[in-house]
RNA sequence: GGCCCUGUAGUUCAAUGGAUAGAACGGAAGUUUCCUAAACUUUAAAUAUAGGUUCGAUUCCUAUCGGGGCUACCA
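In this note's numbering, the protein residues as written are 381 to 974.
Dropping the structure here:
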């Protein structure tokens with residue numbers, strides 16, 4: 381239980397005794413006293429919402445509550461009333477006891493998964509025709525971090541990936557390889573598999589444009605040129621062959637996809653991401669037709685004259701939506717319906733989270749509505765974790781202009797920057813080379829991950845590589861650095877066998893640092909309900925900053941009073957533990973020294 | 001056109017309907033060398049506009065104006 385929950389419970393009790401009305405603790409807003417009134421108290425109860433029931437003025441209500449609380453509890457030192465705010469000062473002994481109890485617990489704030497119904501988190505979902513880029517990085521980091529946060533709340537989680545490995549776009553790169561590839565492979569070219577395939581996709585586009593250009597020069601319109609293009613019709617032909625299970629086409633498809641997977645695997649490894657299960661659209665794209673039949677029988681769907689099947693969502697403010705083409709083949713929506721059902725049957729989840737970019741908001745609105753109309757009660761437990769685009773300081777990434785930032789290149793660049801900065805300062809001259817490389821990885825990736833995760837997912841954001849790796853400011857390296865520094869302090873204090881003593885006189889600063897005691901579990905909780913790692917990221921920064929201030933005012937190793945030194949060391953242990961656990965929830969490592 | 005998201009210091013980000021809108025980077029001034037990439041203190045600087053609901057609005061509602069996205073028998 382957090383201190384806030386405890387106080388809310390006490391407040392409910394006090395209110396009941398005073399006014400004879402039974403309210404639940406959640407009816408009481410207990411907040412951290414705002415900084416300017418910290419002299420008045422540690423926590424504040426907002427009494428405005430209670431006035432209708434108390435039938436007294438704000439001041440009077442607050443005063444009565446304050447008296448009653450002090451009477452019936454033993455946590456409160458004193459209180460003051462300012463307008464409708466009842467400021468409560470918590471007894472110092474309470475803090476000390478609280479910290480004493482917690483500081484040896486290194487998994488502070490985290491729970492073990494309890495089993496029960498899992499939450500399925502789908503993320504990443506790449507196409508096999510091009511390598512991962514900066515946008516995918518945001519997706520992967522969000523999905524992975526959200527899954528970690530849910531686990532820290534005791535939730536069991538299934539991480540799933542749905543690979544888009546079929547379709548006309550895949551055929552384009554296959555065709556380009558067949559026509560212009562000269563049997564090149566990742567081994568023979570030394571290129572990463574996903575890059576190689578991506579290059580052929582680009583090559584197809586280039587050749588296709590050339591062909592169209594020459595057709596237009598002969599007097600065709602652009603649309604006609606597109607339709608008359610040999611390349612495009614060959615690609616379509618290839619897709620048909622693929623669907624007819626043509627062995628040669630399938631073999632080529634399979635070979636090139638394997639190249640890509642090997643490349644993806646490497647990128648995932650770099651990012652520290654793993655999945656419990658990977659689905660392939662080639663295996664799931666025919667699903668969903670059963671659901672369409674079901675819908676037809678129920679009269680939820682209708683058939684047009686050309687035999688295509690639709691759902692009418694105009695009464696919900698959306699459009700009519702196609703679910704099956706006239707020739708009976710399915711579309712994206714159809715297979716997503718099927719995949720959702722498959723996943724539901726397979727995991728019996730309490731919730732299904734889809735980490736997908738916000739350009740698909742409409743798609744997911746429709747998906748949920750259709751499922752609801754099919755009487756799938758679990759449609760309400762589908763959550764689209766929608767996130768915004770990542771832009772660069774120079775502007776938007778555009779594949780046409782070649783400004784797409786490749787994931788691997790970016791990761792490499794971050795590591796190189798970390799190395800350069802470290803070498804310039806000569807901070808780790810005593811590290812062996814293996815240790816040093818590990819540090820560069822940790823810092824480079826930490827910078828990247830933190831910078832992306834600290835932003836509210838639904839907002840578009842600007843990623844600035846050089847700013848992200850700054851060792852000052854709201855950055856990953858700053859937090860890593862703070863952690864390493866605490867560890868260094870603790871190493872030097874080792875052998876002194878410190879313990880917490882109740883007699884310590886606390887300084888206001890130290891009390892404010894100790895907010896971590898009630899806030900960390902709360903923060904994880906909030907982050908889980910909002911599916912937002914940014915909550916945790918920003919909290920960790922606040923904590924690290926506060927520790928630095930604290931350290932500046934109370935240089936621990938120079939402290940001569942044993943009691944207060946012990947207290948501060950214990951606080952350092954606790955802070956380090958929260959920083960480490962918190963960063964873990966973001967998928968970020970912290971170095972023991974740097 | 002319709003639908004969805006979004007608009008906060010110069011910039012990048014915060015703020016369950018609560019007190020005087022917080023930080024960081026950058027700018028200006030100063031203190032210090034404490035363990036580690038310096039730190040600390042002070043300072044200037046923002047809620048797009050107009051209404052509404054409320055004891056109280058950055059937050060909720062309406063309109064207007066900006067930015068982004070969706071509006072495929074592509075996935």
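Glycine included, each C-beta is placed from N, C-alpha and C at the ideal position.
A straight line joining the alpha-carbon of residue 685 with that of residue 599 spans about 37 angstroms. Distance from residue 653 to residue 524 at the Cβ level is roughly 5 angstroms; contact confirmed, criterion being Cβ atoms closer than 8 angstroms. In the three-state reduction of the DSSP assignment, residue 767 falls in the strand class, which pools E and B. With the rule of 3 Cβ pairs closer than 8 angstroms, the stretch 471–486 does not count as touching the stretch 509–519. The residue from 698, 726, 675, 568 with its alpha-carbon nearest to that of residue 714 is 675. The stretch 487–529 is shown to contain whole beta strand (DSSP E) runs of 3 or more residues at 499–502, in chain order. For residue 456, the enclosing beta strand (DSSP E) begins and ends at 456–462. Ranked by Cα distance from residue 842, the options 851, 866, 776 are led by 776. Leaving aside the five residues that flank residue 956 on each side, the residues in its chain whose CB is nearer than 8 angstroms to its CB run, in chain order, 863, 866, 867, 870.
Between residue 495 and residue 553, the gap from beta carbon to beta carbon reaches 9 angstroms or more. Shown here, residue 434 sits in a helix according to DSSP, grouped into three states. Our two residues, residue 666 and residue 708, have alpha carbons roughly 11 angstroms apart in a direct line. Fewer than three beta-carbon pairs drawn from the stretch 926–940 and the stretch 488–508 are found closer than 8 angstroms, and the two stretches are therefore not classed as touching. Taking 3 residues as the minimum length, the beta strand (DSSP E) runs contained wholly in the stretch 698–779 are 700–704, 731–737, 762–767, in order along the chain. In the DSSP assignment, residue 841 is bridged to 770. Under the three-state reduction of DSSP output, residue 800 falls in the helix class. Taken in chain order, the complete alpha helix (DSSP H) segments of 4 residues or longer contained in the stretch 570–646 are 573–597, 602–608, 610–623. When only Cα atoms are considered, residue 703 and residue 504 end up about 25 angstroms apart.
If you compare the alpha carbons of 561, 450, 658, 582 with that of residue 510, the shortest gap goes to 582.
C-alpha of residue 789 to C-alpha of residue 512: approximately 10 angstroms in a straight line. Under DSSP, residue 681 takes part in a beta bridge, and its partners are 691.
Per the C-alpha coordinates, the member of 853, 413, 456, 461 positioned closest to residue 441 is 461. An exposed status is given to residue 694, since fewer than 16 other beta-carbon atoms sit within 10 Å of its beta-carbon. Pairing residue 651 with residue 548 gives a Cβ-Cβ distance that is not under 9 angstroms. For residue 567 and residue 637, the gap between their C-alpha atoms comes out near 15 angstroms.
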